[in-house]
Ligand SMILES: C[S@@+](CC[C@H](N)C(=O)[O-])C[C@H]1O[C@@H](n2cnc3c(N)ncnc32)[C@H](O)[C@@H]1O
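Residue numbers (my numbering): 12 to 250.
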């Protein structure tokens with residue numbers, strides 16, 4: 012892992028970038044069944060060495076990650092659209108994991124694997140230049156100043172993303188919180204392995220091609236936050 016950090020990492024020797032809730036309402040019966048029947052075959056277990064992506068996704072050389080997929084609407088959609096790509100979904104909240112399992116089951120997706128703990132723990136185990144895309148959509152905003160250090164975007168997490176993305180790979184970050192958009196751009200500018208080249212000022216308010224709002228985006232709209240930032244960063248070759 013990179014040394015530079017403004018992040019409360021390495022708590023008790025463990026990388027840490029998750030500060031939210033792990034469970035909420037009880038899962039309903041069908042979700043509970045999927046947890047027991049489906050999750051064991053799909054769940055990624057970390058060992059001592061780096062993660063073997065060839066073993067995880069036999070025959071698939073394109074790979075992508077979504078961090079904090081929530082209810083999994085975006086992940087299930089893009090996985091369905093790109094069956095030749097292997098997708099790693101990272102989410103800790105049990106209700107969200109259950110929803111993704113339902114979508115995987117309904118759509119018979121065979122190219123998604125799930126990690127049910129802090130995404131940073133998985134990122135540090137990924138080989139260099141091993142992913143074609145990364146998605147961080149509406150991450151927890153942590154609006155209070157004293158909680159900013161809990162935001163997923165940090166020098167450390169961006170350093171890890173820069174390391175694991177292939178040259179030319181994309182990293183998409185979306186938020187409805189202007190302060191988090193500014194925070195992310197400030198961090199990206201300090202990470203030389205990412206390029207931000209919007210076609211025009213303000214182009215970042217246009218959703219990505221084929222975009223459909225996530226559950227959190229719909230909530231933001233209902234609460235009157237009408238404008239989002241849809242950033243796309245390109246990973247550059249390692250120098
Ligand atoms: C605000 S929600 C957004 C969910 C979804 N992306 C959407 O747009 O609807 C953020 C999600 O990220 C998850 N999360 C936060 N930090 C995480 C981490 N370090 N690793 C994995 N998941 C994380 C939370 O559990 C939560 O479900």
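All residues carry an ideal CB built from backbone N, CA and C; glycine is no exception.
query                                                                                                                                                       : result
Is residue 100 close to ligand 2? I mean its beta-carbon at under 7 Å from any heavy atom of the ligand.                                                    : With respect to small molecules bound, the structure shown includes ligand 1 and not ligand 2.
With hydrogens ignored, establish whether the beta-carbon of residue 69 is closer than 7 Å to any heavy atom of ligand 1.                                   : no
What is the residue span of the beta strand (DSSP E) that residue 147 lies within?                                                                          : 142-148
Taking buried to mean at least 16 other C-beta atoms within 10 Å of its own C-beta, is residue 72 buried or exposed?                                        : exposed
How many Å lie between residue 13 and residue 40 at the Cα?                                                                                                 : Legend: pLDDT at residue 13 = 41, less than 50; position of this residue unreliable, value from coordinates given subsequently. Computed Cα separation, rounded: 43 Å.
Would you kindly work out how many angstroms separate the C-alpha atoms of residue 125 and residue 111, rounded to a whole number?                          : 9 Å
Between residue 17 and the rest of its own chain, which residues show a CB-CB distance below 7 Å, the 5 nearest in sequence each way excluded?              : Interpretation of residue 17 is limited by its pLDDT of 47, a score under 50 that renders its predicted location unreliable; the figure taken from the coordinates is listed afterwards. Correct list, in chain order: 160, 165, 166.
Have a look at 152, 215, 218 and flag the residue whose alpha-carbon is nearest the alpha-carbon of residue 191.                                            : 152
In angstroms, rounded to a whole number, what distance separates the CA positions of residue 19 and residue 55?                                             : Any reading at residue 19 is ruled out, since the residue's pLDDT is 48, under 50, leaving its predicted position unreliable.
Assuming residue 123 and residue 86 form a contact by the criterion Cβ under 8 Å, report the distance between their Cβ atoms to the nearest whole angstrom. : 7 Å
Determine contact between the region 183-203 and the region 137-154, defined as no fewer than three beta-carbon pairs at a distance below 8 Å.              : yes
At which residue ranges does the region 161-220 contain complete beta strand (DSSP E) runs of 3 or more residues, listed in the order of the chain?         : 176-186
In the DSSP assignment, find the unbroken beta strand (DSSP E) run with residue 97 in it and report its ends.                                               : 96-101
Residue 140: beta carbon under 7 Å from a heavy atom of ligand 1?                                                                                           : no
What residue range does the beta strand (DSSP E) around residue 246 cover?                                                                                  : 240-246
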